[in-house]
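Colleague:
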Amino acid sequence: MKAVLPALARPLLEPHLPAGLDVAWFTSREDAEQMVLDADIAWVDMQRSGHSGEVAALGTRLKWLSTIFAGLDAFPLDLLKERGVIVTNGTGINAIAVAEYAVMGVLAAAKRFDEVVRLADRHEWTIAAPGQVELLDTTALIIGYGAIGKLIGDRLAAFGVAVTGVTRSGRDGTLTPDAWRARLEEYDWVILAAPSTGETKAMFGADELAAMKRSAWLINIARGDMVDQDALIEALTARRIAGAFLDTVTPEPLPADHPLWDAPNAIHTMHLSGRSQTKMFQRAGALFLKNLDAFMAGRPMENVVDLDAGY
Numbered sequence: 022m023k024a025v026l027p028a029l030a031r032p033l034l035e036p037h038l039p040a041g042l043d044v045a046w047f048t049s050r051e052d053a054e055q056m057v058l059d060a061d062i063a064w065v066d067m068q069r070s071g072h073s074g075e076v077a078a079l080g081t082r083l084k085w086l087s088t089i090f091a092g093l094d095a096f097p098l099d100l101l102k103e104r105g106v107i108v109t110n111g112t113g114i115n116a117i118a119v120a121e122y123a124v125m126g127v128l129a130a131a132k133r134f135d136e137v138v139r140l141a142d143r144h145e146w147t148i149a150a151p152g153q154v155e156l157l158d159t160t161a162l163i164i165g166y167g168a169i170g171k172l173i174g175d176r177l178a179a180f181g182v183a184v185t186g187v188t189r190s191g192r193d194g195t196l197t198p199d200a201w202r203a204r205l206e207e208y209d210w211v212i213l214a215a216p217s218t219g220e221t222k223a224m225f226g227a228d229e230l231a232a233m234k235r236s237a238w239l240i241n242i243a244r245g246d247m248v249d250q251d252a253l254i255e256a257l258t259a260r261r262i263a264g265a266f267l268d269t270v271t272p273e274p275l276p277a278d279h280p281l282w283d284a285p286n287a288i289h290t291m292h293l294s295g296r297s298q299t300k301m302f303q304r305a306g307a308l309f310l311k312n313l314d315a316f317m318a319g320r321p322m323e324n325v326v327d328l329d330a331g332y
């Protein structure tokens with residue numbers, strides 16, 4: 022049985038791999054494209070997730086595809102399903118870091134820390150705090166209340182924020198996907214934390230932005246394509262919402278001349294949320310080894326993706 026794995030993970034993986042597993046370690050996209058052609062197992066993540074998806078599509082003999090990414094929008098899920106490939110993702114690997122980033126976004130918006138930093142950069146001392154919102158007794162809607170969403174909710178609740186989650190099932194007092202739009206006007210913080218699927222593309226547009234409080238902020242730590250960016254730019258320019266904290270946008274990287282950079286009260290963090298840690302690769306390696314052991318023994322694996330749902 023052949024496995025194609027990233028050379029960057031070799032020090033973490035090689036001492037723990039089973040005897041008899043034929044392993045090819047790739048250092049470039051070109052290496053991976055050749056190695057995956059006859060592979061049974063592949064972990065072909067690269068800096069650009071789109072490249073990972075293209076390489077995975079070449080693996081016509083794949084039985085299991087592992088990825089560090091939680092979002093799978095770059096992968097050909099229909100093709101992988103047709104071939105009967107088991108796909109496991111990185112749900113939970115970045116959850117703590119991303120949740121902390123989302124809470125940082127809420128705090129930065131409440132205290133307008135972006136403006137504080139700009140004042141300091143200009144060596145300007147001020148006695149008027151740019152942001153005077155306290156989190157206590159504010160309300161947050163978290164659209165996507167899975168691993169990351171729950172962590173965000175727990176952390177915001179510790180600040181005294183009343184949190185409402187959105188799930189497919191409406192479990193544990195959460196709202197269902199058909200219910201949250203009618204209640205947007207209730208929330209001070211609207212946080213996008215849902216997985217990217219065909220159903221979530223442009224799910225947050227002009228109507229949703231118009232339904233928000235004028236004092237509310239949109240926090241996006243999910244995927245940029247969930248938001249109609251033209252509508253967002255218009256809403257920010259017209260001051261119909263207070264602002265937007267955007268870890269994700271589309272396209273990525275955002276072109277230097279894109280108008281979203283200069284939209285009023287938009288705070289950009291360049292999709293750094295999941296990378297703002299030092300343990301991502303170690304966690305990914307540990308999960309891969311655990312799943313490899315299960316795969317070889319025919320036992321259930323962790324983080325198996327529902328290829329119909331897309332997550």
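Per the numbering used here, the sequence shown runs over residues 22 to 332. Heads up, the beta-carbon is just placed ideally off N, CA and C, and yes, glycines get one too.
1) Which term fits A149, buried or exposed, when burial requires 16 or more other beta carbons within 10 angstroms of its beta carbon?
2) Going by DSSP, what residue range makes up the beta strand (DSSP E) through N241?
3) For W282, which three-state DSSP category applies?
4) Whose C-alpha, out of T299, F309, P216 and A256, is nearest the C-alpha of P27?
5) Under 8 Å Cβ to Cβ from A284, same chain only, skipping five residues before and after it: list those, please.
6) To the nearest angstrom, report how far apart A120 and I242 are at their CA atoms.
7) Under 6 Å Cβ to Cβ from V154, same chain only, skipping five residues before and after it: list those, please.
8) Between the stretch 132–152 and the stretch 294–306, can you find at least three pairs of beta-carbon atoms closer than 8 Å?
9) Pull up the CB-CB distance for I212 and A161, whole angstroms please, since I reckon it's below 8 Å.
10) I'd like to know whether the C-beta atoms of A214 and G165 end up nearer to each other than 8 Å.
11) Output the boundary residues of the beta strand (DSSP E) element that contains L79.
12) Between H72 and D158, what straight-line distance do the alpha-carbon atoms span, to the nearest angstrom?
13) Sorted by chain position, which residues of the same chain lie with C-beta nearer than 6 Å to T109's C-beta, five sequence neighbours on each side aside?
14) Determine the contact status of D59 and K23, defining contact as a CB-CB distance below 8 Å.
15) Use the C-beta contact count for S294: other C-beta atoms within 10 angstroms, 16 or more gives buried, fewer gives exposed.
16) Secondary structure at A253, three-state DSSP: helix, strand or coil?
17) Compare the C-alpha of A232 against each of S217, P216, W210 and D246 and name the closest.
18) So what does DSSP say about I169, is it helix, strand or coil?
19) Confirm, please, whether the CB-CB distance from L93 to G245 is below 8 Å.
Modeller: Once the coordinates are examined:
1) exposed
2) W238 to N241
3) helix
4) F309
5) Within its own chain, the residues whose Cβ lies closer than 8 Å to the Cβ of A284, once the five positions on either side in sequence are excluded, are L253, I254, L257, T258 and A265, listed in chain order.
6) 9 Å
7) A131
8) Short answer: they don't touch.
9) That pair is a contact at about 6 Å.
10) Closer than 8 Å, so yes.
11) From DSSP, L79 is part of no beta strand (DSSP E); its letter is neither H nor E.
12) 44 Å
13) S87, N312, M322, N324 and V325
14) yes
15) buried
16) Ala is not the amino acid found at residue 253; the sequence shown has Leu there. Per DSSP, reduced to three states, the secondary structure at L253 is helical.
17) W210
18) helix
19) Judged by beta-carbon spacing, L93 lies beyond the 8 Å limit of G245, meaning their Cβ atoms are not closer than that value.
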